[in-house]
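Residue numbers (my numbering): 8 to 187. A short worksheet on the structure shown next.
Have a look at this one:
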């Protein structure tokens, strides 16, 4: 059974779905209420949840380095003040040549231009509420972040309403082999 770490697992829904397909899952989230829900609804012999910040210090103290075949993070990175911590943590958790999968809202040139031309910039990037997205990624910016942390074979997949105005993107990458 392949091992997957879900960084920013929230209420555990994605972890639960992956477990249904035979993966051994460890979900990590900083929210105690999210982890409580995850444990209540999705914890099994093959799914565990840990309440912890996503930081490199997690590796070694709570989880063994290089212990996962894949790390997934869905709609988390855009909420982080220091997103590099998520990618660095993923690199430490992955086995050599392990897979990283990051899902985040897509912000490319054409989409941003359309938002501006339609005078929707303020509505799209509303600031009058707590929380929400604090980082906005294009292919170039997410590619740069991932490659700086030792990943290669970086690919992007998109989904949403219309081409070039996609709602979200998924970045897949493979951890570069560690030097001997």
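For glycine and all other residues, C-beta sits at the position ideal for the given N, C-alpha and C.
Query                                                                                                                                                      : Result
Exposed or buried, residue 171, counting other C-beta atoms within 10 Å across all chains shown (16 or more means buried)?                                 : exposed
From residue 111 to residue 82, what distance separates their C-alpha atoms?                                                                               : 5 Å
Going by the beta-carbon positions, is the gap between residue 73 and residue 46 smaller than 7 Å?                                                         : no
Please report the distance separating the alpha-carbon of residue 160 from that of residue 180.                                                            : 5 Å
Would you report the Cα separation of residue 187 and residue 169, rounded to the nearest angstrom?                                                        : With a pLDDT of only 47 at residue 187, under 50, the local geometry of the prediction cannot be trusted, and no value is derived from it.
Nearest to residue 9 by CA position, among 17, 20, 18 and 27, is which residue?                                                                            : 27
Indicate whether the contact test is met: 3 or more Cβ pairs, each with one atom in the region 63 to 70 and one in the region 146 to 160, closer than 8 Å. : no
Is residue 37 buried or exposed, if buried means 16 or more other CB atoms sit within 10 Å of its CB?                                                      : exposed
Taking 7 Å as the threshold (C-beta atoms), are residue 29 and residue 16 in contact?                                                                      : no
By the DSSP assignment, the alpha helix (DSSP H) with residue 194 in it spans what residues?                                                               : Here the chain has residues from 8 to 187 only, and residue 194 is not among them.
Which first and last residues belong to the alpha helix (DSSP H) in which residue 49 is found?                                                             : 39 to 49
Distance check for residue 94 and residue 125, CA to CA, integer angstroms please.                                                                         : 34 Å
On the three-state DSSP scale, how would you describe residue 85?                                                                                          : helix
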